[in-house]
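Trainee: This is the structure, below, for whatever I ask next.
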Amino acid sequence: MTAFVERNDICAIERGFADDTAKYLYGLWRAENGGMPASAALKELSPYLVIFEDLCIPGDSPEILFNGANTLLSDHYPELTEGQMDSPKSVLHNSYRNLVSAGYQDAISGEPVFETVGTGDLLGDGKPSLIYERLLLRFKKRRAGDYIVGYSIKRSETWLPPTRDLKDQLRNSRQTSGHRQSLPEDHPSGFHGHALA
């Protein structure tokens, strides 16, 4: 099964092609001009959100700061809810993190990102192939720094037989919207790691 990322028109959220939570979150971001709203505005949504640092190297995803109990990430990686991991994003394979990295880079630059992700077999053995839509928004903190807030909508889930080797997985993944997928050999040093948002 082929992995992919396709960028969607952000206006599709307002036209009803996402769910009410995505529409509310995007509307909140717009109303606050990207500023962090009062905590009460996001409190009800927190079980459905993943919050990331506002920086990451190209070809990787940012570190996960918070993972709500009702996210796709929690569904498929329940060990994250224990909060004992130094680097929560390390539960995911490099190849998957590389596939979804361009969306984080665009969100960090301030662009609202709404895209469809197909994981193929990049989540690894014992994990399903997912197709989901994700909304990534950079919220500016009142003081220094920002957060990337992610919300995902599962569209399909297919359980797979054991996977092939990593080179086959990378060969069978693609990205669209002008974002070239970088491979580990593009980063001879400093390419480390293993986010579903």
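Mind the numbering: the sequence shown is residues 2 to 198 in the working numbering, read in order. Glycine residues also receive a C-beta, built at the ideal position from the N, C-alpha and C atoms.
1. Bridge partners for residue 160 per DSSP, in chain order?
2. What ranges does the alpha helix (DSSP H) occupy inside the region 55-98, keeping only unbroken runs of at least 4 residues that lie completely in it?
3. Given this structure, state the Cα-to-Cα distance separating residue 129 from residue 147, to the nearest angstrom.
4. Between the Cα of residue 70 and those of 39, 64, 78, spot the shortest distance and give me the residue it belongs to.
5. Looking only at DSSP bridge pairs, what is residue 50 linked to?
6. Between residue 143 and the rest of its own chain, which residues show a CB-CB distance below 7 Å, the 5 nearest in sequence each way excluded?
7. Would you say the region 84-103 touches the region 48-67, given that touching needs at least three Cβ pairs under 8 Å?
8. DSSP three-state label for residue 31, please.
9. Less than 8 Å between the C-beta atoms of residue 119 and residue 18, yes or no?
10. With DSSP as the reference, identify every bridge partner of residue 101, one or two as the case may be.
Mentor: Working from what's here:
1. DSSP output for residue 160 lists 129 as bridge partner(s).
2. Every alpha helix (DSSP H) stretch that sits fully inside the region 55-98 and reaches 4 residues is listed by chain position as 73-77.
3. For the pair residue 129 and residue 147, the Cα-to-Cα distance works out to about 32 Å.
4. The shortest CA-to-CA distance from residue 70 to any of 39, 64, 78 is the one to 78.
5. 152.
6. Contacts found: 37.
7. A contact exists between the region 84-103 and the region 48-67.
8. Helix.
9. In this structure, residue 18 does not lie closer than 8 Å to residue 119 by Cβ.
10. DSSP output for residue 101 lists no bridge partner at all.
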